[in-house]
Every structure is written in C-alpha cells, then in structure tokens.
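Here the sequence shown stands for residues 373 to 445, where the numbers follow my numbering.
In what follows, a single structure is set out as structure tokens and then discussed.
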Amino acid sequence: MSTRGVNFLDRWIGNNFPETAKTDAVSVSEYIHKLYADAKALTIECEEIDEEVDSLYRTLVDAVVHFAPGVSE
373 MSTRGVNFLD RWIGNNFPET AKTDAVSVSE YIHKLYADAK ALTIECEEID
423 EEVDSLYRTL VDAVVHFAPG VSE
C-alpha cells in the first residue's frame, strides 16, 4: 500500500475540485486524467493511487457529491 498515493489523492481532491464540479462521466474522466498527469509530474505512479481505492471513478464522484466548501470533516 502507498501512503504517498492516498495522501496525494486527498490533497489533489481538496485543491482541484471546484465548487461546481460535475459528476457526469466525461467530467470525471477528465478529472482522472488530470489527477494522473499531476501525479506523474511528482513521480507518483498511477498504481500507487489505484491500489488505495476500489474505484477511482467512484471515489471522485463521491468527493463531488459530498463536497462542502469551508466545512471541515
């Protein structure tokens, strides 16, 4: 398991999802491509992220649906 991968994913979601993020398949696919590109730029392999979640697609959709700006968890 990769702590680095899950930490990157958490930070990436917090820093890259707009308040108006969409959950349609095309938008989520674009988020995934951007996430992987940003990870690669930091030498984080896609596998380090993928092994931490059952479905990256579902994880990003859940993040959009549950996003509440300014509210701490």
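All C-beta atoms, glycine included, are put in the ideal place defined by N, C-alpha and C.
Measuring straight from C-alpha to C-alpha, what distance separates residue i and residue j?
| i | j | result |
| --- | --- | --- |
| D426 | L432 | 11 Å |
| I421 | G377 | 4 Å |
| E419 | A413 | 14 Å |
| A435 | I385 | 7 Å |
| Y403 | A393 | 10 Å |
| D410 | F380 | 10 Å |
| V398 | R383 | 22 Å |
| E423 | R430 | 14 Å |
| V400 | E391 | 14 Å |
| T415 | Y408 | 10 Å |
| H405 | D396 | 14 Å |
| V437 | L428 | 14 Å |
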